[in-house]
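See structure below.
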Amino acid sequence: MKIRQILNNNVALVERGKIDVIVVSKGISFKKKVGDSIQMDEVEKVFVPDSNDVLENYSYLLSHAEQGTLDATFKIITYAEEHIEEKVNDYLYLTLLDHIDYAIKRAEKSQFIISPLAWEVRKFYPHHYEIGKQAVRIMSEETGIEFPESEAVAIALHFINLQESQVDVKDAIKAMETVNDILTIIRIHFQMQFDEGSMNYNRLVTHLQYFAQRINLGEIYNSEDSELNKQVRIMYPQAYICVNKIRVYLMDRFDKELSKDEETYLMLHIHRVTQRNESEE
C-alpha cells in the first residue's frame with residue numbers, strides 16, 4: 001500500500017488497490033513520506049470509507065485524536081467485541097472515538113451529565129452497562145482523567161444501538177416524524193442547512209431518535225440538574241431559545257414538559273451542530 005497523505009504520525013491515507021483507505025497504528029507514518037509503502041503487518045486498524053464525505057470525516061477525527069484517545073477507543077472496542085461476541089463496524093469506531101474526544105473536553109470544563117437513559121440502561125441492558133463501566137476505567141487509565149460512572153451509560157448506548165432489535169413499524173414512523181419535526185425547528189431557527197455527512201449531525205440525530213422513542217412511550221426523564229442547566233443556558237443563548245421552541249412543540253403534540261436534563265442535552269447538541277457544522281472545534 002502506498003501512502004497518499006500523512007495525517008499524523010499514527011494515521012495515513014493510503015492507496016489499496018483502486019480505493020483509498022485510512023490506516024492506523026502507533027508511529028506508522030513516522031519518518032515516512034508520500035509515496036512510501038506500508039505493509040499490512042504494520043497496521044493495527046484499516047478504515048474503508050464508502051464515500052468522499054465519510055473519508056473526510058474519518059480523516060479529520062483520526063488525525064486530530066490524541067494517542068491516548070485512540071488507545072482507549074481500540075481497547076474498549078476489543079473488550080466489547082469479546083463480550084458481545086460480534087465484530088463492530090467502522091462507523092462505531094469513529095462515533096466512539098468522537099464521543100471520547102468530546103467527553104475529555106467536557107471533563108476539562110467539569111461538565112458531567114447524567115444521561116436521561118441511565119435507569120433504563122442499568123435495568124434492561126446490564127451486560128452493555130458493564131461494558132460501559134469497563135470503558136470508563138480504560139478511558140481514565142489512557143487519558144489520565146477521572147470520569148464519573150455516569151459516563152458508562154453513554155458508552156453503553158453505542159453498543160446497545162449496534163444490537164438493537166427492530167421496533168414496531170408504527171412506532172418507528174412516529175419517532176421519525178418527531179425527529180424530523182425537531183430538526184426542522186432547529187434548521188428554521190438558525191436559518192441553516194445541515195451537513196448530513198457530519199459527525200455532529202449524526203450525533204444529534206442519534207440523540208433525537210432515543211429522545212423521540214421516550215417521548216412516544218411517555219418516558220420523560222425528570223431529574224433536575226439546575227446548576228449545569230443554568231450554565232449551559234448562559235453559554236449558548238441561541239440554543240436555549242431554540243430549545244424553548246422545541247418545548248412548545250412537545251407540549252402541543254404530546255402534552256409533555258421538557259425536563260432540565262433533557263433541555264441541557266438538547267442545548268449542547270444543538271450548539272455543536274450549529275457551531276461546528278462549518279468548522280470543527
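87 is the number that UniProt numbering gives to position 87 of the sequence shown; each next residue is one higher, with no gaps. Don't be surprised by glycine CBs; every beta carbon is placed ideally from N, CA and C.
Residue i, buried or exposed, once every other Cβ within 10 Å from all chains shown has been counted against 16
i	result
residue 132	buried
residue 263	buried
residue 180	exposed
residue 78	exposed
residue 25	buried
residue 274	buried
residue 226	exposed
residue 281	Residue confidence for residue 281 is low, a pLDDT of 43 falling below 50, so the modelled location carries little weight; the figure read from the coordinates is stated next. Residue 281 should be labelled exposed.
residue 143	buried
Residue i versus residue j: straight-line alpha-carbon distance, rounded
i	j	result
residue 213	residue 118	15 Å
residue 137	residue 130	11 Å
residue 97	residue 174	31 Å
residue 285	residue 16	Given a span of 1 to 281 for the chain in the structure shown, any question on residue 285 remains unanswerable.
residue 141	residue 103	14 Å
residue 277	residue 204	Residue placement at residue 277 cannot be trusted, given a pLDDT of 45 that sits under 50; what the coordinates show is reported in the next sentence. Going by the C-alpha atoms only, they are around 12 Å apart.
residue 250	residue 257	7 Å
Residue i versus the options, residue with shortest Cα-Cα distance
i	options	result
residue 121	98, 88, 75 and 149	149
residue 31	13, 8, 245 and 108	8
residue 100	73, 81, 80 and 48	73
residue 42	12, 57 and 68	12
residue 111	249, 241 and 147	147
residue 38	1, 113, 56 and 193	1
residue 64	161, 209, 94 and 113	94
residue 124	177, 151, 157 and 206	157
residue 49	75, 89, 70 and 34	89
Cross-strand partners of residue i (DSSP beta bridge)
i	result
residue 12	6 and 23
residue 47	22
residue 37	2
Residue i Cβ short of 7 Å to the ligand PLP heavy atom set
i	result
residue 98	Ligands are entirely absent from the displayed structure, and the ligand PLP is therefore not among its contents.
Problem set entry | In chain order, each alpha helix (DSSP H) run of at least 4 residues that lies wholly inside the stretch 77-156 | Whole alpha helix (DSSP H) segments, 4+ residues: 90-108, 118-124 and 126-143.
Exercise. In chain order, which continuous runs of the beta strand (DSSP E) of length 3 or greater are located wholly inside the UniProt domain "PRD" (170-280)?
Worked result: none
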